[in-house]
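For reference, the structure is listed below as structure tokens.
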Amino acid sequence: MLLSSESWTRVFILCNCSFVVFGVVLLALGIQPQITLNQFRTILHSAKPEIFLVVSISGGLCVLGSCVGIYGHLKKHKMIIYFNIFVLFIVTCMWIGMASTVALTEDRFPTLVNSSLTSTVKQYEKRVDYQIEFDHLQTTFHCCGASSYKDYPFNPRILQVPSSCRYGKFAYPKGCVSAIIEYTQTYLNIIMYLCFTFGIIQAVYLILSFLRIRKFDGDNFLSA
Numbered sequence: 001m002l003l004s005s006e007s008w009t010r011v012f013i014l015c016n017c018s019f020v021v022f023g024v025v026l027l028a029l030g031i032q033p034q035i036t037l038n039q040f041r042t043i044l045h046s047a048k049p050e051i052f053l054v055v056s057i058s059g060g061l062c063v064l065g066s067c068v069g070i071y072g073h074l075k076k077h078k079m080i081i082y083f084n085i086f087v088l089f090i091v092t093c094m095w096i097g098m099a100s101t102v103a104l105t106e107d108r109f110p111t112l113v114n115s116s117l118t119s120t121v122k123q124y125e126k127r128v129d130y131q132i133e134f135d136h137l138q139t140t141f142h143c144c145g146a147s148s149y150k151d152y153p154f155n156p157r158i159l160q161v162p163s164s165c166r167y168g169k170f171a172y173p174k175g176c177v178s179a180i181i182e183y184t185q186t187y188l189n190i191i192m193y194l195c196f197t198f199g200i201i202q203a204v205y206l207i208l209s210f211l212r213i214r215k216f217d218g219d220n221f222l223s224a
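Okay, so the sequence shown: first residue is 1 according to the UniProt record's numbering, each after it adds one.
Structure follows, in structure tokens:
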């Protein structure tokens, strides 16, 4: 290795700083859709992709482990850097596992959303709590009913749809099931690509960090 020990230290600190930023981004990507879906938890029967919780946890662990790594490399403390490697190894496994899960397995969430909204929209006029959440859902996502406006009562003279699911005189063409699925899938796709990318980058960092820590001499890195 051609870099001096101090140069390697700066590289490792810079890597950990980038991991902190990514951890915060991943934390936000895991929390935001949960906050949004929780607004409709009654009509969704609390259905939401479980992976968002795992994403939030992994993002928090990444921030924690990376901050520890920054301190460890600044102080050149061997045990602290070992802890940094251990935490980020767990996080890397979580990221690659999550990305693989999103890419290779079929999510149950679309089925749960479809069954939940299809059943609850039928009680729109009977339950005030359902009505409030459906109105909020339709206003937020510009959708109508579970699958379409046809989910609402119909008589020969007038199609009775809530004002929350129409723009002027026209009902939104998209059903709320497809709107929610598209919303969550957007987040899942972003998470998948980011986790694959940073999982590989972090794996390389872990290998280099482990090789460097074996060259400790007292409190300093040995020059390569």
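The C-beta atom is built at its ideal place from N, Cα and C for all residues, glycine as well.
Just so we're clear, the structure is a prediction, and the values are computed from it rather than from any experiment.
For the pair Leu137 and Phe52, the CB atoms are not nearer than the 8 Å cut-off. Beta bridge pairing from DSSP links Tyr167 with Phe170.
Spatial neighbours of Gln131 in its own chain (CB-CB distance under 6 Å, excluding positions within 5 residues in sequence) are listed in chain order as Tyr124. Following the DSSP letters along the chain, one finds Ala203 inside the alpha helix (DSSP H) bounded by residues Cys176 to Ile213. Contact between Phe210 and Ile43 does not hold, since their C-beta atoms are separated by about 49 Å, which reaches or exceeds 8 Å.
Out of Thr92, Val102 and Cys143, the CA that lies nearest to the CA of Leu117 is found in Cys143. One thing to note: Asn114 has its Cβ within 8 Å of the Cβ of Val177.
Annotation: Thr186 to Phe196 spans about 16 Å, alpha carbon to alpha carbon. C-alpha of Thr111 to C-alpha of Ser100: approximately 20 Å in a straight line. Bounds of the alpha helix (DSSP H) holding Ser5 are Ser5 to Asn38.
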